[in-house]
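Peer 1: First the structure, then my questions, so here it is.
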Amino acid sequence: MEKQHVCPWWLGYTFILPIRKYQHDPQKILAPHIKPGMKVMDYGTAMGYFSIPLAQMVGERGMVYCIDIQEKMLKHLKKRAIKYNVQNNVTTILVGKNYNPIELSNQLDFVLLFAVVHEVPDKDKLFREIYSMLKPGCKVLFAEPKGHVKPDDFENSLQIAQKSGFKRMDEKPMKKGLNVFLLK
Ligand SMILES: C[S@@+](CC[C@H](N)C(=O)[O-])C[C@H]1O[C@@H](n2cnc3c(N)ncnc32)[C@H](O)[C@@H]1O
């Protein structure tokens, strides 16, 4: 059975360490799928390890919606967005405050779910909401940390995603680990 707990906010500093690039290079992982002008969502953004490069990739005409359940994560992300001069194309959204999936219905070109689904208790609701916000024909990159999440639990989450309407793609976002693309 999967353990659920939200990672403490201070751990967010470790997710943005430059050394992480050797394992998760945002350019390699995301750039082939992101085009200027896109509207993308980084769900479970923390301090924006992926959100800042995403904002650079979508450029001035695009937008990155950065969702988290912890205000302290988003506060630090906002500071980083200013530092990297992408504050105008980053929108921070706090779950339980200004998160309203209906407002983004059929608006998103891409969604990143990186190391977050195992922390969300109602996965059914999460995948249904993500499905409703994506444009038809667009995809989700869904990845979980190996070791922390068991393959069976990852498969269970995939089943839930498929129940919400997603199709699992053959193409893999990364060679190693628990990760898939889901297509609307
Ligand atoms: C392990 S961190 C991963 C952060 C980021 N995706 C990365 O790869 O660097 C998980 C993040 O998801 C957030 N989170 C947990 N439950 C959430 C929920 N129900 N809705 C939105 N964010 C959530 C946590 O606050 C934390 O910032």
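My numbering numbers the first residue of the sequence shown as 70 and each following residue consecutively. For every residue, glycine included, the Cβ atom is placed at its ideal position computed from N, Cα and C.
Determine the DSSP secondary structure at residue 86, reduced to helix, strand or coil.
Peer 2: Coil at residue 86, not helix or strand.
Peer 1: Would the beta-carbon of residue 96 be found less than 7 Å away from any heavy atom of ligand 1?
Peer 2: No, the beta carbon of residue 96 sits no closer than 7 Å to any heavy atom of ligand 1.
Peer 1: Considering only residues of the same chain and omitting the five flanking positions on each side of residue 206, which have a CB-CB separation below 8 Å?
Peer 2: 252, 253, listed in sequence order.
Peer 1: Can you list the alpha helix (DSSP H) stretches of 4 or more residues lying completely in the region 135 to 171, in chain order?
Peer 2: You should have 140 to 152.
Peer 1: Quick check: the Cα distance between residue 173 and residue 137, rounded to an integer number of angstroms?
Peer 2: Each residue's alpha carbon lies about 16 Å from the other.
Peer 1: So, does the region 111 to 124 touch the region 138 to 153, judging by three or more C-beta pairs under 8 Å?
Peer 2: Verdict: yes, contact present.
Peer 1: Based on the DSSP output, what are the partners of residue 198 in its beta bridges?
Peer 2: Its beta-bridge partners do not exist; DSSP assigns none.
Peer 1: Going by the CB atoms, is the gap between residue 199 and residue 153 shorter than 8 Å?
Peer 2: Contact flag unset, no.
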